[in-house]
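Chemist:
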Amino acid sequence: MNLKSTFYLLPILLLGAAQAFAEKPNIIVIMADDLGYGDVSCYGATELETPHIDQLAAEGIRFTSGYCSASTCTPTRYSFLTGNYAFRQDGTGIAPPSAPAIIKPGTETIASLLQNAGYTTAVIGKWHLGLGGESGPDWNGDLKPGPLEIGFDTCFLLPTTNDRVPQVYVKDHRVLNLDPNDPLWVGMKQPSPDHPTGITHRDELKMDWSHGHNMTIHNGISRIGFYTGGHAARFRDEDLGDKWVEQSIKFMEENQDNPFFLFFASHDIHVPRMPHERFQGKTKLGYRGDSIIELDWCVGEIMSALDRLDLAENTLVVFCSDNGPVLDDGYEDGAIEQIGDHRAAGSFTGGKYSIYEGGTRTPFITRWKGRIEPGVSEQVVCTIDLAASAAALVDQDLPADACLDSMNVLGALLGEDGAQGRKSLVQQNNGGRRGNYALRVGDWKLQHHVSGKALNTNVVQELGRTDIVEFQLFNLADDPVETTNVIDEHPQVAERLKAKLNKIMEAGRTRPE
Ligand code: NG6
Ligand code: CA
Numbered sequence: 002m003n004l005k006s007t008f009y010l011l012p013i014l015l016l017g018a019a020q021a022f023a024e025k026p027n028i029i030v031i032m033a034d035d036l037g038y039g040d041v042s043c044y045g046a047t048e049l050e051t052p053h054i055d056q057l058a059a060e061g062i063r064f065t066s067g068y069c070s071a072s073t074c075t076p077t078r079y080s081f082l083t084g085n086y087a088f089r090q091d092g093t094g095i096a097p098p099s100a101p102a103i104i105k106p107g108t109e110t111i112a113s114l115l116q117n118a119g120y121t122t123a124v125i126g127k128w129h130l131g132l133g134g135e136s137g138p139d140w141n142g143d144l145k146p147g148p149l150e151i152g153f154d155t156c157f158l159l160p161t162t163n164d165r166v167p168q169v170y171v172k173d174h175r176v177l178n179l180d181p182n183d184p185l186w187v188g189m190k191q192p193s194p195d196h197p198t199g200i201t202h203r204d205e206l207k208m209d210w211s212h213g214h215n216m217t218i219h220n221g222i223s224r225i226g227f228y229t230g231g232h233a234a235r236f237r238d239e240d241l242g243d244k245w246v247e248q249s250i251k252f253m254e255e256n257q258d259n260p261f262f263l264f265f266a267s268h269d270i271h272v273p274r275m276p277h278e279r280f281q282g283k284t285k286l287g288y289r290g291d292s293i294i295e296l297d298w299c300v301g302e303i304m305s306a307l308d309r310l311d312l313a314e315n316t317l318v319v320f321c322s323d324n325g326p327v328l329d330d331g332y333e334d335g336a337i338e339q340i341g342d343h344r345a346a347g348s349f350t351g352g353k354y355s356i357y358e359g360g361t362r363t364p365f366i367t368r369w370k371g372r373i374e375p376g377v378s379e380q381v382v383c384t385i386d387l388a389a390s391a392a393a394l395v396d397q398d399l400p401a402d403a404c405l406d407s408m409n410v411l412g413a414l415l416g417e418d419g420a421q422g423r424k425s426l427v428q429q430n431n432g433g434r435r436g437n438y439a440l441r442v443g444d445w446k447l448q449h450h451v452s453g454k455a456l457n458t459n460v461v462q463e464l465g466r467t468d469i470v471e472f473q474l475f476n477l478a479d480d481p482v483e484t485t486n487v488i489d490e491h492p493q494v495a496e497r498l499k500a501k502l503n504k505i506m507e508a509g510r511t512r513p514e
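For my numbering, count along the sequence shown from 1 and bump the result up by 1.
1) Within 10 angstroms of the Cβ of V169, are there 16 or more other Cβ atoms? Answer buried if so, exposed if not.
2) Closest to E417 by CA distance: which of E374, A388, S407 and R423 is it?
3) Along the chain, where does the alpha helix (DSSP H) containing Y68 start, and where does it finish?
4) Determine the burial state of F227: buried for a count of at least 16 other Cβ atoms within 10 Å of its Cβ, exposed for fewer.
5) Any residue with its C-beta under 7 Å from a non-hydrogen atom of ligand 1 counts. Can you list them all in chain order?
6) Mind reading off the beta-carbon distance from V427 to L414? Whole number of angstroms is fine, and I expect it under 8 Å.
7) Let me know the beta strand (DSSP E) ranges lying completely inside the region 392-442, each 3 residues or longer, listed in chain order.
8) Can you tell me whether T350 is helix, strand or coil according to DSSP?
9) Could you round the C-beta distance between A96 and T75 to whole angstroms and report it? I think they count as a contact, below 8 Å.
10) If you reduce the DSSP assignment to three classes, tell me which class R89 lands in.
11) K127 by DSSP, collapsed to three states: which one?
12) If contact is defined by three or more beta carbon pairs under 8 Å, each pair taking one atom from either stretch, is the region 111-118 in contact with the region 81-101?
13) May I ask you to verify whether the region 155-175 touches the region 283-301, counting CB pairs closer than 8 Å and requiring at least 3?
14) Less than 8 Å between the C-beta atoms of G221 and M208, yes or no?
15) For S249, collect the residues of the same chain with a Cβ closer than 7 Å to its Cβ; drop the 5 residues on either side in sequence, then sort them by chain order.
16) Pairing CB atoms from the region 57-74 with CB atoms from the region 396-405, are three or more of them under 8 Å?
17) Helix, strand or coil for F22, going by three-state DSSP, please let me know.
18) I'd like the ranges of any beta strand (DSSP E) spanning at least 3 consecutive residues and lying wholly in the region 228-294.
19) Along the chain, where does the alpha helix (DSSP H) containing A495 start, and where does it finish?
20) For the region 306-316 against the region 266-285, do three or more pairs of beta-carbon atoms, one drawn from each stretch, fall closer than 8 Å, so that the two count as touching?
21) Which residues bound the beta strand (DSSP E) around Q473?
22) Decide if the region 434-450 is in contact with the region 480-499; the criterion is three or more beta carbon pairs, one per stretch, under 8 Å apart.
23) Return helix, strand or coil for E379, following the three-state DSSP convention.
24) Report buried or exposed for Q421, applying the criterion of at least 16 other Cβ atoms within 10 angstroms of its Cβ.
25) What first and last residue would you give for the alpha helix (DSSP H) that runs through G74?
26) Report the CB separation of L1 from I28 in whole angstroms; it is logged as a contact under 8 Å.
27) Measure the alpha-carbon distance for D40 versus H343 and round it to whole angstroms.
28) Using 8 Å for Cβ pairs, my map puts Y38 next to T363. What's the rounded Cβ distance?
29) Rounded to a whole number of angstroms, what is the C-alpha to C-alpha distance between S378 and L477?
30) Which residue comes first and which comes last in the beta strand (DSSP E) that contains Q116?
31) Between which two residues does the beta strand (DSSP E) harbouring I31 extend?
32) On a CA-only basis, which of V319, G371, V272 and G351 is nearest R63? Give me that one, please.
33) Going by the beta-carbon positions, is the gap between L149 and H129 smaller than 8 Å?
34) Identify the residues that DSSP records as bridge partners of T469: which are they?
35) Is the beta carbon of D329 closer than 8 Å to that of I340?
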């Protein structure tokens, strides 16, 4: 080869080298539901054992400042997928049973970014982000738009959350096993005066409700909302965990030879907590604890499948939760009575629905065998950052108008030396214009309570807090439990954080253009 041809070949050779080094590991995000910081043993739980989640942490990085973006489900999931703070879009609060698709087709998501990078993408488990156009889901027809219109190649879903109707699986655009002769009807009005409900047939329920959740009965459990028909399509609550694992392993096997992205959206440990019979009674904490054991089992099954398929060294696994813990969330399942010494939010104050740390600081683990050095990280990372970080990993440019609040914290997620997490983070409750917001900047945290539940009292009842005022300032380094409001001692810090929070909310984005 003469010098001249080498010169012309050089760019091609370099391109080849770049491609050879471009990393395209599989990515699995396991998102637990309502799992608190203190609910697993690697985060300090002593009243139950979670060996598989512990193993994941031992082989990866256990974050002590890992967050979800909201203290309820829908806004966290919205933010995780889109990379936008949920408060930027109306209608991102907890979705009702017949909500239309909240994320509009064409919105860039972590799934569409990875799809563009050549990944096969799937969401398996709880959705709770609405399905269908403005008039809501067409349960007997095509359920679109939905995940397939925002970057997922396939989906296998529980459409809302399991305390809401209906108890059917959605596979891609259809309710699975729906008999056209027994159409499915879903609504919020009692379909007929003799339709059995949790009120009329309360004595026959296998798990009683404590608040709400008293409409249509299925599998001995009354729910939020009404439905009729679709009997052949209905599932048993006890089988959800097994189904997610079965479908996920099938997806992993089918895609073992190409890069895949799996969003494993567990329903554990959301109410109604009805783990499979083989997990019932496995802890002394009642079905809430038993559901944690079921979740741990699911994690173990995914890890074993990765080992069996020889993919563990080629797969980044992220374990996280969609919001902090709650004990009584509407059913009498013994969670409060049997709590004993268990502290679901660890030492943090608050839980689900709250802007105290317990609402959004949750277990957060990354593992990539052979690539991530095991350890513990204090860097601040959030589920909202997974979109920009995954894009950086696979070398996809973010469009200027997408993932507006998602920060590339890939270095921190992979535990690279000196890599920083985010500098600031907004924490929201269920959101909306009158929602509560907090801003963490370094160790400072400003809380702005406008309305709503300030604390999730059934997690933190022992603190007996009644002193919550509109603005509070805490120093998380000295006071991670957020017990001492130091706003009077540090008025300038408080003003700086108030101004910053305002600016973040007004500016429409935090990711630099
Ligand atoms: C609340 C429900 C609660 C739970 C929550 C959503 C009542 C009284 N409470 O409105 O049980 O379903 O919504 O939880 O109905 S989440 O984790 O999906 O956000
Ligand atoms: Ca949740």
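Cβ atoms here follow ideal geometry from the backbone N, Cα and C, with glycine treated the same way.
Modeler: With the structure as the only source:
1) Taking the sequence shown and counting its residues from 1, one reaches residue 169 at position 168. Buried: at least 16 other Cβ atoms inside 10 Å.
2) Within the sequence shown, residue 417 is the residue found at index 416, counting from 1. Residue E374 is the option with its Cα nearest to E417.
3) The residue you call residue 68 lines up with position 67 of the sequence shown. Looking at the DSSP string, Y68 is not in any alpha helix (DSSP H); the run it does join, the beta strand (DSSP E), is I62 to Y68.
4) Walking along the sequence shown from the start, residue 227 turns up at place 226. F227 comes out buried.
5) D34, D35, T73, C74, T75, I95, H129, T162, D164, R165, H212, G213, H214, I225, H271, V272, D323, N324, D330, G331 and K353
6) For this step, residue 427 is matched to residue 426 along the sequence shown. For this step, residue 414 is matched to residue 413 along the sequence shown. Wrong, their Cβ atoms sit about 20 Å apart, outside the cutoff.
7) 425-429 and 438-442
8) Working through the sequence shown from its first residue, we reach residue 350 at position 349. DSSP places T350 in coil when its eight states are reduced to three.
9) Here residue 96 refers to the residue found at position 95 when the sequence shown is read from its first residue. Here residue 75 refers to the residue found at position 74 when the sequence shown is read from its first residue. Contact flag correct, Cβ pair sits at about 5 Å.
10) The residue labelled residue 89 in the question sits at position 88 within the sequence shown. In the structure shown, R89 sits in a helix (DSSP, three-state: H, G or I).
11) What you label residue 127 is simply residue 126 of the sequence shown in a count that begins at 1. Strand.
12) yes
13) no
14) One-based indexing of the sequence shown puts residue 221 at position 220. One-based indexing of the sequence shown puts residue 208 at position 207. Going by C-beta atoms, G221 is nearer than 8 Å to M208.
15) Sequence index remark: in the sequence shown, residue 249 carries index 248 (1-based). Once the five neighbours on either side are set aside, the close Cβ partners of S249 are I125, L263, F265 and I303.
16) no
17) To locate residue 22, count along the sequence shown from 1; it is residue 21. Because the pLDDT at F22 is just 47, under 50, the model does not fix this residue reliably, and the value given afterwards should be weighed accordingly. Three-state DSSP puts F22 in a helix.
18) 261-266
19) Position 494 of the sequence shown, counted from the start, is the residue given in the question as residue 495. It spans P492 to A508 - the alpha helix (DSSP H) in which A495 sits, taken as one unbroken run.
20) no
21) By one-based count along the sequence shown, residue 473 stands at place 472. It spans F472 to N476 - the beta strand (DSSP E) in which Q473 sits, taken as one unbroken run.
22) yes
23) Working through the sequence shown from its first residue, we reach residue 379 at position 378. Of the three classes helix, strand and coil, the one that applies to E379 here is strand, per DSSP.
24) Translated into the one-based positions of the sequence shown, residue 421 becomes position 420. Q421 should be labelled exposed.
25) Here residue 74 corresponds to residue number 73 of the sequence shown, with the count starting at 1. In the sequence under discussion, the amino acid at residue 74 is Cys, which differs from the Gly named in the question. Its alpha helix (DSSP H) spans residues C74 to T83.
26) Since the first residue shown for the chain is 2 and the last is 514, residue 1 is missing from the structure and cannot be characterised.
27) To locate residue 40, count along the sequence shown from 1; it is residue 39. To locate residue 343, count along the sequence shown from 1; it is residue 342. Rounded to the nearest angstrom, the two C-alpha atoms are 8 Å apart.
28) For the purposes of this step, residue 38 is identified with residue 37 of the sequence shown, where counting begins at 1. For the purposes of this step, residue 363 is identified with residue 362 of the sequence shown, where counting begins at 1. Contact holds; Cβ gap of about 6 Å.
29) Taking the first residue of the sequence shown as 1, we reach residue 378 at position 377. Taking the first residue of the sequence shown as 1, we reach residue 477 at position 476. Each residue's Cα considered, the two are about 16 Å apart.
30) The sequence position of residue 116 within the sequence shown is 115, counting from 1. No beta strand (DSSP E) holds Q116; the alpha helix (DSSP H) holding it covers I111 to N117.
31) By one-based count along the sequence shown, residue 31 stands at place 30. Its beta strand (DSSP E) spans residues N27 to A33.
32) As a first step, residue 63 must be located in the sequence shown, where it is residue number 62. For R63, the nearest C-alpha among the options comes from V319.
33) Reading the sequence shown from its first residue, position 148 is the one you call residue 149. Reading the sequence shown from its first residue, position 128 is the one you call residue 129. In this structure, H129 does not lie closer than 8 Å to L149 by Cβ.
34) Looking up residue 469 in the sequence shown gives position 468. Note on identity: in this sequence residue 469 is Ile, with Thr being the wrong assignment. The partner list for I469 (beta bridge, DSSP) is empty, contrary to what the question assumes.
35) Taking the sequence shown and counting its residues from 1, one reaches residue 340 at position 339. Taking the sequence shown and counting its residues from 1, one reaches residue 329 at position 328. No; because the gap between Cβ atoms is not below 8 Å, this pair is not in contact.
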